[in-house]
Amino acid sequence: MRKVEAGDVIYEEGAVPDAFYVINEGSFRVSTSTVDGSSRHLARVLGPSDTFGSHELLLGLKQRTVQVACVEAGAVWVLPLKLFDAQLRVPPAPAPSLIARVSAVPLFASLSKEAIKQLCRAVQDNVTVAKGEALVQQGERCALYMLESGQLKLVCDGQEDAKTVLKAPVAFGEPSLYADETLRVHEAAITAWAGEAKLLKFDVADIEALIGYGLP
10 MRKVEAGDVI
20 YEEGAVPDAF
30 YVINEGSFRV
40 STSTVDGSSR
50 HLARVLGPSD
60 TFGSHELLLG
70 LKQRTVQVAC
80 VEAGAVWVLP
90 LKLFDAQLRV
100 PPAPAPSLIA
110 RVSAVPLFAS
120 LSKEAIKQLC
130 RAVQDNVTVA
140 KGEALVQQGE
150 RCALYMLESG
160 QLKLVCDGQE
170 DAKTVLKAPV
180 AFGEPSLYAD
190 ETLRVHEAAI
200 TAWAGEAKLL
210 KFDVADIEAL
220 IGYGLP
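10 is the number of the first residue of the sequence shown in this note's numbering; add one for each residue after it.
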């Protein structure tokens, strides 16, 4: 286990990926540099049991894509690349039909083929919502969903007259990827509209482990 002090940068953006990290204690700031390199953009704040360093190793990237700095003193477990490869248990390759369906969603259009494949591995559950049934309530902790069939009605603050209707195929729940935990909430109540709705629910922790922080 490696002890880390506040202010220490333990994962340098641009350096060669050579290990996987698991946080035992402390608080860590994940950031990316701006295009001109003049400042840094907060991507996530991590704490105990969170991990980083996996997606560069999984995708075979030559450089680290983020910086991780210690905010509150703590400790991390460091798993070297050789041990990471030896212990790696990647989920089976997703079905071609799933890859095709996810690729057709506009939100994911900018992702590479490999990133789409990894995103498919992050599918957590298949969700079916009956007509008129609520999927989420406004203010609930946000999750990333992909609507595969049916329609969904979004209502903010109970204002039915100002409702928004989502039609398949579409993804929603981007706030689940925000760096600020307080912003990771659904901004509207969402119910099935005009019939049954079928969705895929993604595990955000898996997305970050497999692809990185946020969607390109």
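Note that CB positions come from ideal geometry on N, CA and C, so glycine has one too.
Please report the Cβ distance between Gly-221 and Thr-74, rounded to the nearest whole angstrom; I am assuming they are in contact, meaning their Cβ atoms lie under 8 Å. 6 Å
Comparing alpha-carbon positions, which option in Leu-68, Gly-69, Cys-79, Leu-67 lies nearest Glu-21? Cys-79
With 16 as the cutoff for other CB atoms within 10 Å, does Cys-129 come out buried or exposed? buried
Please name the residue or residues paired with Ser-42 in a DSSP beta bridge. Arg-49
Using a 10 Å radius around the Cβ and a threshold of 16 neighbouring Cβ atoms, would you call Thr-200 buried or exposed? buried
Since Leu-55 and Ile-32 are thought to touch, with beta carbons under 8 Å apart, how far apart are those beta carbons, to the nearest angstrom? 6 Å
Alpha carbon to alpha carbon, what distance is there between Asp-170 and Ser-58? 44 Å
Entirely enclosed beta strand (DSSP E) segments - the stretch 196-225, minimum 3 residues: 198-211
Using CA coordinates, which residue listed in Leu-163, Leu-70, Ala-180 is at the minimum distance from Leu-219? Leu-70
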